[in-house]
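A.B. asks:
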Amino acid sequence: MKFTINVDMTPEELRRALGLPDVSGLQDDMVNRVREQMDAGAEGYDPLSLLKPYMNSSVGSMEALQKMLFTMMSQYGRKDGSKD
Numbered sequence: 004m005k006f007t008i009n010v011d012m013t014p015e016e017l018r019r020a021l022g023l024p025d026v027s028g029l030q031d032d033m034v035n036r037v038r039e040q041m042d043a044g045a046e047g048y049d050p051l052s053l054l055k056p057y058m059n060s061s062v063g064s065m066e067a068l069q070k071m072l073f074t075m076m077s078q079y080g081r082k083d084g085s086k087d
């Protein structure tokens with residue numbers, strides 16, 4: 004038996020329905036704090052330092068993404084979920 008349920012709600016309504024806390028105020032505070040540190044020129048808050056962790060692993064991350072996508076595509080359409 005197969006059935007589908009479509010739910011039409013906003014992300015805010017879904018958050019409330021799942022009982023998740025509203026962290027938008029905390030997120031705004033954190034973004035403002037980082038912005039202030041960047042404007043003040045604090046060490047470690049320049050754009051290059053903030054992006055460095057992502058740039059160092061970008062080749063490995065891209066390879067991992069490609070491997071994941073290839074695995075997903077190779078299993079697409081198989082009903083039993085077997086690898087071969």
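Counting in the working numbering, the sequence shown runs from 4 upward without gaps. Where is the CB? At the ideal position from N, CA and C, for every residue including glycine.
Secondary structure at S44, three-state DSSP: helix, strand or coil?
C.D. replies: The question names Ser, but residue 44 in the sequence shown is Gly. DSSP places G44 in coil when its eight states are reduced to three.
A.B. asks: For Q40, which residues in the same chain have their Cβ closer than 6 Å to its Cβ, ignoring the five residues on either side in sequence?
C.D. replies: Taken in chain order, the residues that qualify are Y48.
A.B. asks: Would you say R36 and D25 are within 8 Å of each other, going by their C-beta atoms?
C.D. replies: Cβ atoms of R36 and D25: not closer than 8 Å.
A.B. asks: Where L23 and T7 are concerned, what is the direct C-alpha to C-alpha distance, given to the nearest angstrom?
C.D. replies: C-alpha separation (whole angstroms): 24 Å.
A.B. asks: Rounded to the nearest angstrom, what separates L53 and L29 at their Cα positions?
C.D. replies: Those two C-alpha atoms are separated by around 20 Å.
A.B. asks: When DSSP labels each residue in this structure, what does K70 get in the three-state scheme?
C.D. replies: K70 falls in the helix class under three-state DSSP.
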